[in-house]
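Participant: Numbering (this note's numbering), first residue to last: 1 to 158. Okay, handing you the structure first.
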């Protein structure tokens with residue numbers, strides 16, 4: 001599990017952990033098949049290993065995926081998502097050629113994403129949420145993130 005230890009680099013120290021979510025284009029429920037699920041897991045693990053990312057938790061729903069990931073300090077969230085979505089899309093289309101009929105333009109994933117930075121303060125909450133998440137919709141996470149943000153105030157820090 002994520003310990004919240006700071007990553008030390010030559011000129012920086014910090015935690016670069018994120019809760020990421022993205023969904024299939026048109027919200028098609030295509031991720032529940034054993035072949036797609038296996039290809040997706042292997043692709044995400046291979047991408048994280050190749051680029052020095054660490055997957056802390058992963059859960060694949062019927063039409064979306066949750067990742068709790070620690071990124072290298074030099075990597076932007078958008079770059080990580082581009083790498084995950086691009087490689088997995090290519091590998092899914094290669095393994096399931098029939099999906100080309102559903103996605104004529106070759107875009108398996110929707111353009112939208114959800115991301116939230118996670119520090120050592122609430123990492124166990126995110127880990128438990130992703131580990132126990134099975135069929136909740138993407139919007140539930142967005143609404144809970146909005147409610148969490150509205151509860152924060154500067155008075156809590158003084």
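Glycine included, every Cβ here is placed at the ideal spot set by N, Cα and C.
Beta carbon of residue 44, beta carbon of residue 84: below 8 Å?
Facilitator: The answer is yes: Cβ separation under 8 Å.
Participant: Using the C-alpha atoms, what's the distance from residue 91 back to residue 14?
Facilitator: Straight-line Cα distance between these residues: approximately 33 Å.
Participant: Helix, strand or coil for residue 7 per DSSP?
Facilitator: It is a strand residue.
Participant: With DSSP run on the structure shown, which of helix, strand or coil describes residue 74?
Facilitator: Three-state result, residue 74: coil.
Participant: Are there three or more Cβ pairs, one per stretch, closer than 8 Å when the region 89-103 is compared with the region 49-63?
Facilitator: As far as the Cβ criterion goes, the region 89-103 does not touch the region 49-63, which means the pair count is below three.
Participant: Does the separation of the CB atoms of residue 68 and residue 104 fall below 8 Å?
Facilitator: Cβ distance not < 8 Å, so residue 68 and residue 104 don't count as in contact.
Participant: For residue 9 versus residue 73, is the C-beta distance shorter than 8 Å?
Facilitator: Their beta carbons are under 8 Å apart, which means residue 9 touches residue 73 by this criterion.
Participant: Would you call residue 21 buried or exposed, if buried means 16 or more other Cβ atoms sit within 10 Å of its Cβ?
Facilitator: Under this definition residue 21 is a buried residue.
Participant: Here's the rule I'm using: 16 or more other beta-carbon atoms within 10 Å means buried, otherwise exposed. How should residue 56 be labelled?
Facilitator: Its Cβ being crowded by 16 or more others within 10 Å, residue 56 is buried.
Participant: Buried or exposed for residue 30, please, with buried defined as at least 16 other CB atoms from any protein chain shown within 10 angstroms of its CB.
Facilitator: It counts as buried.
Participant: Output the boundary residues of the alpha helix (DSSP H) element that contains residue 45.
Facilitator: Counting along the chain, the alpha helix (DSSP H) containing residue 45 begins and ends at 34-50.
Participant: State the DSSP-derived secondary structure class of residue 30, mapped to helix, strand or coil.
Facilitator: DSSP places residue 30 in coil when its eight states are reduced to three.
Participant: Going by C-alpha distance, which of 32, 51, 7 and 125 is nearest residue 82?
Facilitator: Minimum Cα distance to residue 82 is reached at 51.
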